[in-house]
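Chains as they are written, first to last, in this note's numbering: chain R, 148 to 460; chain E, 139 to 416. C-beta atoms are modelled at their ideal positions from N, C-alpha and C, and glycine is treated no differently.
Below you can see the structure in the form of structure tokens.
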């Protein structure tokens, strides 16, 4: 914690809890004041944050529902692009598989990545954190009894909830129209693994982007760095194509990166491309990356705040 | 001195001012250029990967790997021209309407559409033009022939038609913010619509493809934007029969018509503009 923010937090010492422990809304120091009362007041704060964020999000619902439908337009081009690719493959080679995916698999894959991205994409999270560090608004998390990562996570959960509420219609419609591309419902175990991987995709997306945003403590301008990340993520998360298509050593490297769990992995699980021990290992690795980035975001925030100095009011 | 503003000199002045502005923030300019080149690199990598698995984009269409690279370069050339000349301006136009700053543009003794469309030229988007040209040279070196001077001049003419069509679409969408207020989604819409122009029109076939191809050729003519000029570059795909010449002829018409329609909508939008000041 910087000198300036320490001074500021002293000024608001009349908050429910004071000093360092006031930053424990989400992480850390629960053991000190643990009681049913304290938990209820914390839950009340979480609930308030969630409710405010939901209401804020619903203000632009019209713009938002239209935007969701638009987002499916590129799928239409993908359907025809891959249709053309497969027609040429069948005409020349006679086979009808690309890297183990049939034409139907490809379209189902793209639709499923839209779903995974709906969980894992965090628009504006990293840039928002970096901006709040640059323009000094990060101070509010340092002086109020609110933990930044906890607040942002709840805010994001609220946005996602509203998003699913509004997007459920368009998603259901598109998936229903495209039901012919799917091989049918997977067995309950695969389905459970799919849901688990989606949940972890959300957490991984959040904490990975949050960690990236913390770079703002060290560099003033991170937008170009974030752009590079976005490019890599688009290509290597499997958003653009199933990463099984990548040949040789490149494929091996990409399979070792955490990015694949943001889009490729949940979709491949649903389509039954990952099964048995590979599935268990995949889920465990995904969980490992989630834990890694939870720790990394906490650690970088802590180190960053020690470097940070705020000026003015 | 004539009453008629010297449009060409004003345009040069816009270009010069924008260049001075871009060069003031040189690091930013370089980063912007590299970013858009990197984006293109990723796209190119995707197509290279696709052609690892297939010899052609669609059975019997004639769009093999290097033919498609010519197509891709054409997309790059047209998009980079549109982005350099108009993108920043169209973006700014909605903002002018929202804030009421359009008043100042209306007061100037020059055509408002000209002023609004061209005052800020984004030089950093020209990087992709260079990328496109390099890709054309590479694709020809792999194909083993060179384009004839006639093909080149037809190509350049139709690239300009493509730019005109996309510009009309863009300024129409931007002008519609007079009626719609905040229209961030319309910008996304623009990207999604032009997404259809990025592939050879032959891939849109079948029960759903045919109506789609028809719609994006004749009603919203984004499918002719890249397709028509690109075919002039590929020797085996050059128009031969009278029927083959129908689409290029239609493209000329579409370019003129969409400019006229967008001009009309632009003027209607100005007529509906109510300043935002007190």
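ask   = Three-state secondary structure (DSSP) at residue 100 of chain R?
value = Absent from the structure is residue 100 of chain R, since the part of chain R shown begins at 148 and ends at 460.
query = Taking the C-alpha atoms as reference points, what is the distance between residue 251 of chain E and residue 404 of chain E?
reply = Within the second chain, the letter at position 113 stands for residue 251 of chain E. Within the second chain, the letter at position 266 stands for residue 404 of chain E. Residue 251 of chain E and residue 404 of chain E: Cα-Cα distance of roughly 7 angstroms.
request  = For residue 394 of chain R, count neighbouring C-beta atoms within 10 Å of its own C-beta (all shown protein chains included) and say buried if the count is 16 or more, exposed if not.
outcome  = Reading the first chain from its first residue, position 247 is the one you call residue 394 of chain R. Looking at its Cβ environment, which holds fewer than 16 other Cβ atoms inside 10 Å, residue 394 of chain R is exposed.
key: Straight-line Cα distance separating residue 407 of chain E from residue 288 of chain E   = As a first step, residue 288 of chain E is located in the second chain; it is residue number 150 there, counting from the start. As a first step, residue 407 of chain E is located in the second chain; it is residue number 269 there, counting from the start. When rounded, the distance between both Cα atoms is 41 angstroms.
task = Step through the CB atoms of chain R and report whether any lies within less than 8 angstroms of the CB of residue 176 of chain E.
result = Reading the second chain from its first residue, position 38 is the one you call residue 176 of chain E. Judged by the 8 angstroms Cβ criterion, residue 176 of chain E is in contact with chain R.
key: Cα-Cα separation between residue 465 of chain R and residue 262 of chain R, rounded to whole angstroms   = The first residue shown for chain R is 148 and the last is 460, placing residue 465 of chain R beyond what the model contains.
inquiry  = Between residue 456 of chain R and chain E, is the shortest Cβ-Cβ distance under 8 angstroms, so that the two count as touching?
reply    = Position 309 of the first chain, counting from 1, holds the residue named residue 456 of chain R. Chain E contact via Cβ: absent.
ask   = Can you tell me whether residue 230 of chain R is buried or exposed, with buried defined as 16 or more other CB within 10 angstroms of its CB?
value = What you label residue 230 of chain R is simply residue 83 of the first chain in a count that begins at 1. The residue is buried, with at least 16 neighbouring Cβ atoms inside 10 Å.
ask   = By Cβ distance below 6 angstroms, which residues in the same chain neighbour residue 443 of chain R in space, the five residues on each side in sequence not counted?
value = By one-based count along the first chain, residue 443 of chain R stands at place 296. Closer than 6 angstroms at the Cβ level, and outside the excluded window around residue 443 of chain R, lie 358.
query = Could you give the C-beta distance for residue 413 of chain R and residue 436 of chain R, rounded to a whole number, given that I count them as a contact under 8 angstroms?
reply = Translated into positions along the first chain, residue 413 of chain R becomes position 266. Translated into positions along the first chain, residue 436 of chain R becomes position 289. Not a contact, Cβ separation roughly 13 angstroms.
query = Can you list the residues of chain R that residue 194 of chain E reaches, using a CB-CB cut of under 7 angstroms?
reply = Residue 194 of chain E sits at position 56 when you count from the first residue of the second chain. Within 7 angstroms Cβ-Cβ: 235.
task = Indicate whether the contact test is met: 3 or more Cβ pairs, each with one atom in the region 190 to 208 of chain R and one in the region 303 to 319 of chain R, closer than 8 angstroms.
result = yes
task = Keeping to the same chain, check which residues put their C-beta closer than 8 angstroms to that of residue 153 of chain E; ignore five residues upstream and five downstream.
result = One-based indexing of the second chain puts residue 153 of chain E at position 15. Once the five neighbours on either side are set aside, the close Cβ partners of residue 153 of chain E are 259.
task = State yes or no: is the C-beta of residue 350 of chain E within less than 8 angstroms of the C-beta of residue 337 of chain E?
result = Taking the first residue of the second chain as 1, we reach residue 350 of chain E at position 212. Taking the first residue of the second chain as 1, we reach residue 337 of chain E at position 199. No, they are not a contact pair.
inquiry  = Less than 6 angstroms between C-beta atoms, sequence neighbours within five positions excluded: which residues of the same chain meet that for residue 454 of chain R?
reply    = Working through the first chain from its first residue, we reach residue 454 of chain R at position 307. The answer, listed in chain order, is 364.
ask   = Which chain E residues sit within Cβ distance under 8 angstroms of residue 270 of chain R?
value = On the first chain, residue 270 of chain R is found 123 positions in, with the first residue counted as 1. Per Cβ cutoff of 8 angstroms: no residues; residue 270 of chain R is ~12 angstroms from chain E at best.
ask   = Could you give the residue range of the alpha helix (DSSP H) that holds residue 325 of chain R?
value = Numbered from 1 along the first chain, position 178 holds the residue referred to as residue 325 of chain R. From DSSP, residue 325 of chain R is part of no alpha helix (DSSP H); its letter is neither H nor E.
request  = Determine which residues share a DSSP beta bridge with residue 248 of chain R and list them.
outcome  = Within the first chain, residue 248 of chain R is the residue found at index 101, counting from 1. R:245.
request  = Would you mind stating whether residue 191 of chain R and residue 392 of chain R have Cβ atoms separated by less than 8 angstroms?
outcome  = Locating residue 191 of chain R in the first chain gives position 44, counting from the first residue. Locating residue 392 of chain R in the first chain gives position 245, counting from the first residue. No; because the gap between Cβ atoms is not below 8 angstroms, this pair is not in contact.
task = Take the Cβ of residue 399 of chain E as the centre, count every other Cβ of all protein chains shown within 10 Å, and call the residue buried at 16 or more, exposed below.
result = As a working mapping, residue 399 of chain E is identified with position 261 in the second chain. With fewer than 16 Cβ atoms within 10 Å of its Cβ, residue 399 of chain E is classed as exposed.
ask   = What are the residues that DSSP puts in a beta bridge with residue 194 of chain E?
value = In the second chain, residue 194 of chain E corresponds to position 56, counting from 1. According to DSSP, which records beta bridges pairwise, residue 194 of chain E is partnered with E:202.
query = Does the region 205 to 213 of chain E touch the region 251 to 262 of chain R, meaning 3 or more C-beta pairs lie closer than 8 angstroms?
reply = no
query = Is there a Cβ from chain R that is less than 8 angstroms from the Cβ of residue 347 of chain E?
reply = Position 209 of the second chain, counting from 1, holds the residue named residue 347 of chain E. It does; some Cβ of chain R falls within 8 angstroms.
message = Please list, in chain order, the chain E residues whose beta carbon lies closer than 7 angstroms to that of residue 245 of chain R.
response = Along the first chain, read from residue 1 onward, the residue named residue 245 of chain R stands at position 98. In chain order: 191.
inquiry  = Just to confirm my understanding: we take residue 225 of chain R, look at its own chain, exclude 5 residues before and 5 after, and list those with CB closer than 6 angstroms. What are they?
reply    = As a position in the first chain, residue 225 of chain R is number 78, starting the count at 1. Once the five neighbours on either side are set aside, the close Cβ partners of residue 225 of chain R are 257.
request  = Find the nearest neighbour of residue 348 of chain R within the set R:429, R:457, R:227, judged by alpha-carbon distance.
outcome  = By one-based count along the first chain, residue 348 of chain R stands at place 201. Per the Cα distances, R:429.
Within 8 angstroms, strictly: CB atoms of residue 231 of chain E and residue 302 of chain E = The residue you call residue 231 of chain E lines up with position 93 of the second chain. The residue you call residue 302 of chain E lines up with position 164 of the second chain. Taking 8 angstroms as the Cβ cut-off, residue 231 of chain E and residue 302 of chain E do not qualify as a contacting pair.
inquiry  = Is residue 345 of chain E close to the ligand SAH? I mean its beta-carbon at under 7 angstroms from any heavy atom of the ligand.
reply    = Ligands in the displayed structure: none, and consequently the ligand SAH is not present.
task = Report yes or no: do three or more beta-carbon pairs, one from the region 173 to 191 of chain E and one from the region 238 to 252 of chain E, lie closer than 8 angstroms?
result = no
Integer Cβ distance of residue 371 of chain E from residue 283 of chain E, believed to fall under 8 angstroms = On the second chain, residue 371 of chain E is found 233 positions in, with the first residue counted as 1. On the second chain, residue 283 of chain E is found 145 positions in, with the first residue counted as 1. Not really, about 10 angstroms apart at Cβ, beyond 8 angstroms.
key: is_contact[residue 230 of chain R, chain E] using C-beta, thresh 8 angstroms   = The residue labelled residue 230 of chain R in the question sits at position 83 within the first chain. Yes, residue 230 of chain R lies at the interface with chain E (some Cβ there is under 8 angstroms from its Cβ).
ask   = Could you give the residue range of the alpha helix (DSSP H) that holds residue 286 of chain R?
value = Numbered from its first residue, the first chain carries residue 286 of chain R at position 139. Taken as a continuous stretch (DSSP letters only), the alpha helix (DSSP H) holding residue 286 of chain R covers 286 to 290.
message = Just to check my reading of the structure: residue 220 of chain E and residue 308 of chain E have Cβ atoms closer than 8 angstroms, yes? What is that Cβ distance to the nearest angstrom?
response = On the second chain, residue 220 of chain E is found 82 positions in, with the first residue counted as 1. On the second chain, residue 308 of chain E is found 170 positions in, with the first residue counted as 1. Yes, they are in contact, since the Cβ atoms of residue 220 of chain E and residue 308 of chain E sit about 7 angstroms apart, within 8 angstroms.
request  = Could you say which of R:416, R:376, R:372 lies nearest to residue 334 of chain R if we only look at CA atoms?
outcome  = As a working note, residue 334 of chain R is residue 187 in the first chain. Residue 334 of chain R has its Cα closest to that of R:416, out of R:416, R:376, R:372.
key: Within chain R, the residues that residue 368 of chain E reaches when beta carbons sit closer than 8 angstroms   = Position 230 of the second chain, counted from the first residue, corresponds to residue 368 of chain E. Correct list: empty, because the minimum Cβ distance to chain R is about 15 angstroms.
ask   = What is the DSSP secondary structure of residue 342 of chain E, counted as helix, strand or coil?
value = Start at 1 with the first residue of the second chain, and residue 342 of chain E comes out as number 204. Looking at residue 342 of chain E - three-state DSSP - the assignment turns out to be coil, as it is neither helix nor strand.
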